[in-house]
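*Asks:*
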Amino acid sequence: MQIVDDTDGYDSADGPRLAALLIDMVSALFAAAHHVSLSHLHRLFQQDGTSVAAWIRDQRLDRARRDLVGTTSIGAIAVRWGFRDAAEFSRVFRREFGLAPREYRSAAQASGVGPRGAPRR
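In terms of UniProt numbering, the sequence shown is residues 1 to 121.
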């Protein structure tokens, strides 16, 4: 999804600020959809030992992991799920699952594992 038509005014240094803005917007929409205040939403996530941003990141990683079982390039999967590039995706994926995306893909293809294969660390 593209929010603005003219992206020429943005560069990679704007990424963290825009990511924070997006998390704030998603959090507000999620809270409104469930008829709770934003602060209550954040407290609910804190009770589970996480945050809205961490939950969203985990959801993106899970979807990306499922896509790795297919034939789509790792770079395309990274971009599809909101990572800046394949290198960033690989670092985050390895930290979360203990394998690089390429290693996970190879292991999944060799063992015939379905999309939900690797456990979280």
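C-beta: ideal position from N, C-alpha, C; glycine also.
1) Check Gly-75 in the structure and name its three-state DSSP category.
2) Please go through the same chain and pick out, in chain order, the residues whose beta-carbon is closer than 8 Å to the beta-carbon of Ser-106, but skip the five residues on each side of it.
3) Taking the continuous alpha helix (DSSP H) assigned at Trp-55, which residues delimit it?
4) Can you give me the C-alpha to C-alpha distance between Arg-65 and Leu-44, rounded to a whole angstrom?
5) Give the range of the alpha helix (DSSP H) segment to which Val-92 is assigned.
6) Taking the alpha-carbon of Ser-51 as reference, which of His-34, Ala-87, Arg-102 and Ile-23 has the nearest alpha-carbon?
7) Report the residue from Leu-21, Ala-31, Ala-20 and Trp-81 whose alpha carbon sits nearest the alpha carbon of Asp-67.
8) Shortest alpha-carbon distance to Arg-57 belongs to which of Val-36, Thr-71, Gln-47 and Val-26?
9) Does the Cβ-Cβ distance between Ala-108 and Val-79 come in under 8 Å?
10) Distance check for Val-36 and Ala-76, CA to CA, integer angstroms please.
11) Given a cut-off of 8 Å, decide if Ala-100 and Phe-93 are closer than it, judged by their beta-carbon atoms.
*Replies:* In short:
1) For the purposes of this step, residue 75 is identified with residue 75 of the sequence shown, where counting begins at 1. Note: Gly-75 maps to helix in three-state DSSP.
2) Along the sequence shown, read from residue 1 onward, the residue named residue 106 stands at position 106. Cβ neighbours of Ser-106 beyond the five flanking positions: none.
3) Working through the sequence shown from its first residue, we reach residue 55 at position 55. Looking at the DSSP string, the run of the alpha helix (DSSP H) that includes Trp-55 is 52 to 67.
4) On the sequence shown, position 65 is the one that residue 65 refers to. On the sequence shown, position 44 is the one that residue 44 refers to. If you take the alpha carbons of Arg-65 and Leu-44, they lie about 26 Å apart.
5) Taking the sequence shown and counting its residues from 1, one reaches residue 92 at position 92. From DSSP, the alpha helix (DSSP H) with Val-92 extends over 86 to 97.
6) Sequence index remark: in the sequence shown, residue 51 carries index 51 (1-based). It is Ile-23.
7) Here residue 67 refers to the residue found at position 67 when the sequence shown is read from its first residue. For Asp-67, the nearest C-alpha among the options comes from Trp-81.
8) Taking the sequence shown and counting its residues from 1, one reaches residue 57 at position 57. Ranked by how close their Cα comes to the Cα of Arg-57, the residues Val-36, Thr-71, Gln-47 and Val-26 have Val-26 in first place.
9) On the sequence shown, residue 108 is found 108 positions in, with the first residue counted as 1. On the sequence shown, residue 79 is found 79 positions in, with the first residue counted as 1. No.
10) Position 76 of the sequence shown holds residue 76. Position 36 of the sequence shown holds residue 36. In a straight line, the C-alpha of Ala-76 is about 36 Å away from that of Val-36.
11) The sequence position of residue 93 within the sequence shown is 93, counting from 1. The sequence position of residue 100 within the sequence shown is 100, counting from 1. Closer than 8 Å, so yes.
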